[in-house]
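Sequences listed follow chains X and F, in order.
Each residue of the first sequence is one higher than the one before, counting from 56 in the working numbering.
Each residue of the second sequence is one higher than the one before, counting from 56 in the working numbering.
Glycine residues also receive a C-beta, built at the ideal position from the N, C-alpha and C atoms.
Number of protein chains: 2
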Amino acid sequence: MNAEVNRILQKVLKRITPTREQRKRVEQLARRLQEKVSQTAREMGVTAEVRVEGSVAKDTWLSEEPEIDIFMQIPPELPREMLGNVCLKVAKKAVEGAKQVERFAEHPYLEAFVDNVRINIVPCYRVKKGEWKSATDRTPYHTEYVKKRLNEKLRGEVRLLKRFMKGIGVYGAEIKVGGFSGYLCELLVISYGSFIGVLENFAEWKGKTVIDLERYYEKREDELRLMFPDPLVVVDPVDAGRNVAAAVRREKIAEFVAASRAFLEKPDEKFFYPPPIEPFNPKQIRVELRNRGSTLLFLTFGKVDAVSDVLWGQLYRTQKALRALLETHDFHVLRTSAWSDENELNVLVFELEQATLPPVKRHLGPPLAKRRECKKFVDKYLGSERTVCGPFVEDSRWVVEVRREVVDAAEFLREKLRDGGRTVGVAGKISDVLKEGFKVLLNEEVSDVYSWNREFARFLTGFLRGRPWWLERG
Amino acid sequence: MNAEVNRILQKVLKRITPTREQRKRVEQLARRLQEKVSQTAREMGVTAEVRVEGSVAKDTWLSEEPEIDIFMQIPPELPREMLGNVCLKVAKKAVEGAKQVERFAEHPYLEAFVDNVRINIVPCYRVKKGEWKSATDRTPYHTEYVKKRLNEKLRGEVRLLKRFMKGIGVYGAEIKVGGFSGYLCELLVISYGSFIGVLENFAEWKGKTVIDLERYYEKREDELRLMFPDPLVVVDPVDAGRNVAAAVRREKIAEFVAASRAFLEKPDEKFFYPPPIEPFNPKQIRVELRNRGSTLLFLTFGKVDAVSDVLWGQLYRTQKALRALLETHDFHVLRTSAWSDENELNVLVFELEQATLPPVKRHLGPPLAKRRECKKFVDKYLGSERTVCGPFVEDSRWVVEVRREVVDAAEFLREKLRDGGRTVGVAGKISDVLKEGFKVLLNEEVSDVYSWNREFARFLTGFLRGRPWWLERG
Numbered sequence: 056m057n058a059e060v061n062r063i064l065q066k067v068l069k070r071i072t073p074t075r076e077q078r079k080r081v082e083q084l085a086r087r088l089q090e091k092v093s094q095t096a097r098e099m100g101v102t103a104e105v106r107v108e109g110s111v112a113k114d115t116w117l118s119e120e121p122e123i124d125i126f127m128q129i130p131p132e133l134p135r136e137m138l139g140n141v142c143l144k145v146a147k148k149a150v151e152g153a154k155q156v157e158r159f160a161e162h163p164y165l166e167a168f169v170d171n172v173r174i175n176i177v178p179c180y181r182v183k184k185g186e187w188k189s190a191t192d193r194t195p196y197h198t199e200y201v202k203k204r205l206n207e208k209l210r211g212e213v214r215l216l217k218r219f220m221k222g223i224g225v226y227g228a229e230i231k232v233g234g235f236s237g238y239l240c241e242l243l244v245i246s247y248g249s250f251i252g253v254l255e256n257f258a259e260w261k262g263k264t265v266i267d268l269e270r271y272y273e274k275r276e277d278e279l280r281l282m283f284p285d286p287l288v289v290v291d292p293v294d295a296g297r298n299v300a301a302a303v304r305r306e307k308i309a310e311f312v313a314a315s316r317a318f319l320e321k322p323d324e325k326f327f328y329p330p331p332i333e334p335f336n337p338k339q340i341r342v343e344l345r346n347r348g349s350t351l352l353f354l355t356f357g358k359v360d361a362v363s364d365v366l367w368g369q370l371y372r373t374q375k376a377l378r379a380l381l382e383t384h385d386f387h388v389l390r391t392s393a394w395s396d397e398n399e400l401n402v403l404v405f406e407l408e409q410a411t412l413p414p415v416k417r418h419l420g421p422p423l424a425k426r427r428e429c430k431k432f433v434d435k436y437l438g439s440e441r442t443v444c445g446p447f448v449e450d451s452r453w454v455v456e457v458r459r460e461v462v463d464a465a466e467f468l469r470e471k472l473r474d475g476g477r478t479v480g481v482a483g484k485i486s487d488v489l490k491e492g493f494k495v496l497l498n499e500e501v502s503d504v505y506s507w508n509r510e511f512a513r514f515l516t517g518f519l520r521g522r523p524w525w526l527e528r529g
Numbered sequence: 056m057n058a059e060v061n062r063i064l065q066k067v068l069k070r071i072t073p074t075r076e077q078r079k080r081v082e083q084l085a086r087r088l089q090e091k092v093s094q095t096a097r098e099m100g101v102t103a104e105v106r107v108e109g110s111v112a113k114d115t116w117l118s119e120e121p122e123i124d125i126f127m128q129i130p131p132e133l134p135r136e137m138l139g140n141v142c143l144k145v146a147k148k149a150v151e152g153a154k155q156v157e158r159f160a161e162h163p164y165l166e167a168f169v170d171n172v173r174i175n176i177v178p179c180y181r182v183k184k185g186e187w188k189s190a191t192d193r194t195p196y197h198t199e200y201v202k203k204r205l206n207e208k209l210r211g212e213v214r215l216l217k218r219f220m221k222g223i224g225v226y227g228a229e230i231k232v233g234g235f236s237g238y239l240c241e242l243l244v245i246s247y248g249s250f251i252g253v254l255e256n257f258a259e260w261k262g263k264t265v266i267d268l269e270r271y272y273e274k275r276e277d278e279l280r281l282m283f284p285d286p287l288v289v290v291d292p293v294d295a296g297r298n299v300a301a302a303v304r305r306e307k308i309a310e311f312v313a314a315s316r317a318f319l320e321k322p323d324e325k326f327f328y329p330p331p332i333e334p335f336n337p338k339q340i341r342v343e344l345r346n347r348g349s350t351l352l353f354l355t356f357g358k359v360d361a362v363s364d365v366l367w368g369q370l371y372r373t374q375k376a377l378r379a380l381l382e383t384h385d386f387h388v389l390r391t392s393a394w395s396d397e398n399e400l401n402v403l404v405f406e407l408e409q410a411t412l413p414p415v416k417r418h419l420g421p422p423l424a425k426r427r428e429c430k431k432f433v434d435k436y437l438g439s440e441r442t443v444c445g446p447f448v449e450d451s452r453w454v455v456e457v458r459r460e461v462v463d464a465a466e467f468l469r470e471k472l473r474d475g476g477r478t479v480g481v482a483g484k485i486s487d488v489l490k491e492g493f494k495v496l497l498n499e500e501v502s503d504v505y506s507w508n509r510e511f512a513r514f515l516t517g518f519l520r521g522r523p524w525w526l527e528r529g
């Protein structure tokens, strides 16, 4: 490692490693909460062993963003509802008075803010290894595994990797990001020995990487490849049947690969701390949209009644369905994206080559070998108002030129979404909102939304640039 | 066969079967020419056996269009030049005073008009079966084979098939048509027993048909399929290694299949005698072109110094090359066609979805697995003026949005053809003409050419309708 890289890493490390005071404050808070939840459970008659888990337990948290995970382990005999409702009640009671948000992964958990620190209170079953009853049951074993394998040096490397991934936008298992979890970062550092080791390995990405720390699949590589079709496979050391990286989206792996290469080539502190995007001012954005040459089509709609993970899942699903809808009707979609304030405004963006298509297109009929279909086709198009010319035979099949039914993308979307768009693939909760109303805006028509929403303005500016911020020069 | 079909066929047959007087006149003329050529050869010291071949010899000619083939068979020892130059000289001398055109198939031959009858004087070698030295050596054997197998009834069926194929535009082996030869028609009738039998068999077209009258490939069907990849294979009864239908273009087979179906479904005399196309008047054509919705692009140029077959070969080759050129630059080509008066005006037509393309497009870069290519790609497009946005990673590869270099089809063609267009695939003799000048016309800009050229007007009217005329209603 050269001196310049070393200098940068030392500087970042200093910023992200908790000081003794910070550590003391967070650990005391964690202990206090652990006791409080424990006591509340007892008072409410719930049998639970309460433990501190996550990055605080493993000492891999970033000083700038402490996050305390409190786990309530309940006996495996208890019914599933306990995990959901009852534990949630205990959690709510324990942090009464603090700001609270109900969250949802496989089952509900509580997010709260105490002394400006984010707290997650998560229920799980207290089970033997391998007898998992819920998705969070493995966490205590993860904590144990990682603690055993990290020393102070490696904990620093994990912190660097997390900070780097946050900087380039690939950190976090939540649906919105679909990135690398903290546990995955820890396993990568254990596997490759250092932050730079991880980057160097990903920089050499060839399309598929497998990490099997406990060698569960030694000499059974074929079986492993069959079990895990994902491009990145990190076999869970506490569960041979699970790929820790299964939920990481392909594009997030790709972005990490690309950023690793860029950093190794030209190391820079900015990768860890992205400069804020300075949005175009309203006049600039209008000029930008007018002169761009492509068409930007915005679908905007109001509040969706769903927790963050569900909302983003539905936004992405809808975005994908509408892209496919536009493409099957011959629109060339250059890119798409989704944005939400997770409250009152949601926006899907589609960048198209053009807003309207030429009025005539070729329509392929059956091959000559299918005599009956040929007759139906010829009879249909000879008498059709849509026929511009033909039918004629070309390359042994009937072909006709017809007037296109869909030529205007905005009009087409409005028409297809009026009834909520379930039939074209719009996700359920979003469909409910669309039924009540939505807007389809073209290019500069988005300026109003842009002007009164600075976060959206940042998003759109970034989208228009269209390249990872760390590729920007200067 | 139902009564209606029978009535039509009898009526057509009456028109196309030579009367006793017609036959006498043509046969006398043939005999006279045979003697004249024979005598001229003797006078010029050329050893040649002169014979009447073709449809007159086989009595399968159409009364409306007699065509006399006179073959000069020279000994196989004589050098190739004899076939070309010397025989041509004999032929020219023999029909001195008549209108003459030099033609060219594999070697030159002479076309002349005597008493309003088309005469072809064709040289060939007098060889044993199988010892072919030139492409026309087989003809005397063809004549012999066919004469032996046709009776008066079957000769009528051949005439019907030829007239039908002329009517729908698939008769004739010349490059312009690329259709069925007379000999091929005869073999089809011998094989299927009647005109209607041929139509019924082709109506059931399934993509490949093999006819092997002499059973050369009995129990060797696999070998036959390997030898002849063509969709229609008619093994030459006088040469097992030759497919008589090899030069029939796929689209001509397809048109014959489609027309056979249409006739069998709704028999009509019009298939044999197409109604003349009534061209749009100049005002109509302007309205038609303006309102059509697609773009018509015309490339017009002057006289090409080549015989008909060479001219049409070059026109089709150029048409194909320019279509490919437009398509690789993202223009959607709906259809293309070629027209020529075989003298001073040639026109290639391209119907496009649109004359200009949207200014921005996606450009795919290398997959992430190719690290070095990725770096080159990113460096190139980060600094490029053409970049609209990106580069960004999508589906594990780099992508960038760039300004399109080619947006205007007419301008693009003009630029590519200025130097003759050899590098983009324009055929040699046409390229020479383009260097001297050409026009690229858009839509109504063609009206001038249209107004002063009635044959072109017919062609363009048919092209705009775009369907076989026999599909027209009423």
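| Simplified DSSP state of X/Phe518, which is helix, strand or coil | As a first step, residue 518 of chain X is located in the first sequence; it is residue number 463 there, counting from the start. Three-state result, X/Phe518: helix.
| query | Would you say X/Lys261 faces chain F, with C-beta separation under 9 Å as the test? | reply | Residue numbering aside, residue 261 of chain X sits at position 206 when the first sequence is read from its first letter. Yes, because at least one Cβ of chain F sits closer than 9 Å to the Cβ of X/Lys261.
| field | Where X/Val225 falls, given that 16 or more other Cβ within 10 Å makes a residue buried | value | Within the first sequence, residue 225 of chain X is the residue found at index 170, counting from 1. Flag for X/Val225 reads buried.
| request: For X/Phe493, decide whether its Cβ has a neighbour in chain F, counting only Cβ atoms nearer than 9 Å. | output: In the first sequence, residue 493 of chain X corresponds to position 438, counting from 1. No, its Cβ sits nowhere closer than 9 Å to a Cβ of chain F.
| field | C-alpha gap between X/Val141 and X/Tyr180, whole angstroms | value | Walking along the first sequence from the start, residue 141 of chain X turns up at place 86. Walking along the first sequence from the start, residue 180 of chain X turns up at place 125. When rounded, the distance between both Cα atoms is 13 Å.
| task | Decide if F/Phe386 is buried, meaning its Cβ has at least 16 other Cβ atoms within 10 Å, or exposed. | result | The residue given as residue 386 of chain F occupies position 331 in the second sequence. So F/Phe386 ends up on the buried side.
| said: Closest to X/Glu136 by C-alpha separation, out of X/Arg520, X/Lys148, X/Lys188 and X/Arg86, would be which residue? | reply: The residue labelled residue 136 of chain X in the question sits at position 81 within the first sequence. Comparing Cα-Cα distances from X/Glu136 to each of X/Arg520, X/Lys148, X/Lys188 and X/Arg86, the minimum goes to X/Lys188.
| query | CB F/Arg218 to CB F/Ile245, shorter than 9 Å? | reply | If you number the second sequence from 1, residue 218 of chain F lands on position 163. If you number the second sequence from 1, residue 245 of chain F lands on position 190. Going by C-beta atoms, F/Arg218 is not nearer than 9 Å to F/Ile245.
| Using the C-alpha atoms, what's the distance from F/Val288 back to F/Glu278? | Position 223 of the second sequence, counting from 1, holds the residue named residue 278 of chain F. Position 233 of the second sequence, counting from 1, holds the residue named residue 288 of chain F. So the two alpha carbons sit approximately 13 Å from each other.
| field | Neighbour flag for F/Trp524 against chain X, beta carbons, 9 Å | value | Reading the second sequence from its first residue, position 469 is the one you call residue 524 of chain F. Closer than 9 Å: no.
| Cβ neighbour criterion (16 or more within 10 Å) applied to F/Thr264 | Locating residue 264 of chain F in the second sequence gives position 209, where the first residue counts as 1. Buried.
| Beta-carbon separation (whole angstroms), X/Ala103 vs X/Gln128, contact threshold 8 Å | As a first step, residue 103 of chain X is located in the first sequence; it is residue number 48 there, counting from the start. As a first step, residue 128 of chain X is located in the first sequence; it is residue number 73 there, counting from the start. Sure, about 6 Å apart at Cβ, within 8 Å.
| request: Quick one: grab the DSSP three-state call for F/Lys274. | output: Indexing the second sequence from 1 puts residue 274 of chain F at position 219. Note: F/Lys274 maps to coil in three-state DSSP.
| Is the Cβ of X/Glu212 closer than 9 Å to any Cβ of chain F? | Numbered from 1 along the first sequence, position 157 holds the residue referred to as residue 212 of chain X. So, not an interface residue.
| request: Would you grab the beta carbon distance between X/Glu241 and X/Lys113 for me? Rounded to a whole angstrom, and I think it's under 8 Å. | output: To locate residue 241 of chain X, count along the first sequence from 1; it is residue 186. To locate residue 113 of chain X, count along the first sequence from 1; it is residue 58. Correct: roughly 7 Å between the Cβ atoms.
| request: Using a Cβ-Cβ cut-off of 9 Å, state whether X/Gly222 counts as contacting chain F. | output: Counted from its first residue, the first sequence places residue 222 of chain X at position 167. With 9 Å as the cut-off, X/Gly222 does not count as an interface residue toward chain F.
| task | Determine the contact status of F/Phe405 and F/Thr391, defining contact as a CB-CB distance below 9 Å. | result | Within the second sequence, numbered from 1, the residue matching residue 405 of chain F stands at position 350. Within the second sequence, numbered from 1, the residue matching residue 391 of chain F stands at position 336. Yes, the Cβ-Cβ distance between F/Phe405 and F/Thr391 is below 9 Å.
| task | Would you verify that the beta carbon of F/Gly521 is, or is not, closer than 9 Å to some beta carbon of chain X? | result | Counting from 1 along the second sequence, the entry for residue 521 of chain F is found at position 466. Judged by the 9 Å Cβ criterion, F/Gly521 is in contact with chain X.
| Are the Cβ atoms of X/Glu440 and X/Arg458 separated by less than 9 Å? | Translated into the one-based positions of the first sequence, residue 440 of chain X becomes position 385. Translated into the one-based positions of the first sequence, residue 458 of chain X becomes position 403. Yes.
| the stretch 369–383 of chain X touching the stretch 493–506 of chain X, judged by at least three CB pairs closer than 8 Å | no
| query | Which residues, in chain order, does the stretch 312–328 of chain F contribute to contact with chain X at a C-beta distance below 9 Å? | reply | Val312, Ala313, Arg316, Ala317 and Glu320
| task | Assign F/Ser349 to one of two classes, buried (16 or more other C-beta atoms within 10 Å of its C-beta) or exposed (fewer than that). | result | Mapped onto the second sequence, residue 349 of chain F falls at position 294. It is buried - the Cβ of F/Ser349 has at least 16 other Cβ atoms within 10 Å.
| task | Put F/Tyr226 into one of helix, strand or coil per three-state DSSP. | result | As a position in the second sequence, residue 226 of chain F is number 171, starting the count at 1. If DSSP states are grouped into helix, strand and coil, F/Tyr226 belongs with the strands.
| said: I need the straight-line Cα distance from X/Lys416 to X/Lys425, nearest angstrom please. | reply: Here the question's residue 416 of chain X lines up with position 361 in the first sequence. Here the question's residue 425 of chain X lines up with position 370 in the first sequence. Going from the Cα of X/Lys416 to the Cα of X/Lys425 covers about 23 Å.
| task | List the residues of chain F that X/Phe356 touches, going by C-beta distances under 9 Å, in chain order. | result | Along the first sequence, one-based indexing puts residue 356 of chain X at 301. Those within 9 Å of X/Phe356 in chain F number zero; the least Cβ separation is about 25 Å.
| request: Mind reading off the beta-carbon distance from F/Leu389 to X/Glu456? Whole number of angstroms is fine, and I expect it under 8 Å. | output: What you label residue 389 of chain F is simply residue 334 of the second sequence in a count that begins at 1. What you label residue 456 of chain X is simply residue 401 of the first sequence in a count that begins at 1. F/Leu389 to X/Glu456, Cβ: 6 Å. Contact.
| request: Would you give the residue range spanned by the beta strand (DSSP E) that X/Trp453 belongs to? | output: Counting from one through the first sequence, the residue named residue 453 of chain X turns up at place 398. Here the beta strand (DSSP E) through X/Trp453 covers Arg452 to Arg458.
| message | If distances are taken between C-alpha atoms only, which option among X/Phe432, X/Tyr196 and X/Arg214 comes closest to X/Asp291? | response | Here residue 291 of chain X refers to the residue found at position 236 of the first sequence. Out of X/Phe432, X/Tyr196 and X/Arg214, X/Tyr196 has the C-alpha closest to the C-alpha of X/Asp291.
| task | Given a cut-off of 9 Å, decide if X/Val402 and X/Phe159 are closer than it, judged by their beta-carbon atoms. | result | Locating residue 159 of chain X in the first sequence gives position 104, counting from the first residue. Locating residue 402 of chain X in the first sequence gives position 347, counting from the first residue. Against a cut-off of 9 Å, the Cβ pair of X/Val402 and X/Phe159 comes out as no contact.
| field | Residues bridged to X/Asp463 (per DSSP) | value | Here residue 463 of chain X is taken as the residue at index 408 of the first sequence, counted from 1. Looking at the DSSP assignment, X/Asp463 forms a beta bridge with X/Thr411.
| task | Would you tell me roughly how many angstroms separate the C-alpha atoms of X/Glu324 and F/Arg427, rounded to the nearest one? | result | Position 269 of the first sequence holds residue 324 of chain X. Position 372 of the second sequence holds residue 427 of chain F. Distance between the alpha carbons of X/Glu324 and F/Arg427: 24 Å.
| request: Measure from the C-beta of F/Cys429 to each C-beta in chain X and report whether the shortest distance is under 9 Å. | output: By 1-based counting over the second sequence, the position of residue 429 of chain F is 374. Answer yes: the Cβ-Cβ gap between F/Cys429 and chain X drops below 9 Å somewhere.
| query | Under 9 Å between C-beta atoms, does X/Val433 make it to chain F? | reply | Taking the first sequence and counting its residues from 1, one reaches residue 433 of chain X at position 378. For X/Val433, the answer is yes, since a Cβ of chain F falls inside 9 Å of its Cβ.
| message | Less than 9 Å between CB atoms is the rule here; does X/His387 satisfy it with respect to chain F? | response | Working through the first sequence from its first residue, we reach residue 387 of chain X at position 332. Taking Cβ atoms only, chain F reaches closer than 9 Å to X/His387, which makes this a yes.
| task | Give a yes or no on whether 9 Å exceeds the smallest Cβ distance from X/Ser363 to chain C. | result | In the structure shown, chain C does not exist; the protein chains are X and F.
| query | Does the distance from the CB of X/Val303 to the CB of X/Phe356 come in under 9 Å? | reply | For the purposes of this step, residue 303 of chain X is taken as residue 248 along the first sequence, with counting starting at 1. For the purposes of this step, residue 356 of chain X is taken as residue 301 along the first sequence, with counting starting at 1. Not closer than 9 Å, so no.
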